[in-house]
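To convert, note that position 62 of the sequence shown is 751 in this note's numbering; the numbers rise steadily by one, no gaps.
Inspection log for the structure reproduced underneath, given as structure tokens.
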Amino acid sequence: QQTEVFATLNANTEPYMQTLNNLLQSKKCTTWNIPLDELPRDIEEISDCQSQIYRETRKIKSLIKE
Numbered sequence: 690q691q692t693e694v695f696a697t698l699n700a701n702t703e704p705y706m707q708t709l710n711n712l713l714q715s716k717k718c719t720t721w722n723i724p725l726d727e728l729p730r731d732i733e734e735i736s737d738c739q740s741q742i743y744r745e746t747r748k749i750k751s752l753i754k755e
């Protein structure tokens with residue numbers, strides 16, 4: 690029965706994990722590879738990206754709690 694629970698959990702969290710993974714690998718989400726002169730323009734995108742990571746993480750957490 691535990692295996693079934695995990696299978697369901699994995700199926701439910703999979704899309705969020707995928708999104709999270711893409712976000713984490715996205716250049717828009719990280720600051721270390723942005724040239725300094727482009728930073729001001731990208732700061733907004735980065736913080737937006739990070740709030741998206743936060744939202745995806747929350748969704749995954751809430752699914753795990755259920």
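The beta carbon of each residue, even a glycine, is placed where N, CA and C say it ideally should be.
{"Item": "Taking Leu709 and Glu745 to be in contact with their CB atoms under 8 Å, please state how far apart those CB atoms are, rounded to whole angstroms.", "Value": "4 Å"}
{"Item": "Give the C-beta separation of Leu712 and Ile749 to the nearest angstrom, bearing in mind that I take them to be a contact with Cβ-Cβ under 8 Å.", "Value": "At roughly 12 Å, the Cβ-Cβ gap does not stay under 8 Å, so Leu712 and Ile749 are not in contact."}
{"Item": "Residues in the same chain with beta-carbon distance under 7 Å from Met706, minus the five sequence neighbours each way, listed in chain order, please.", "Value": "Ile749"}
{"Item": "Under a three-way DSSP split, which group does Ser740 fall into?", "Value": "helix"}
{"Item": "Alpha carbon to alpha carbon, what distance is there between Gln739 and Ser751?", "Value": "18 Å"}
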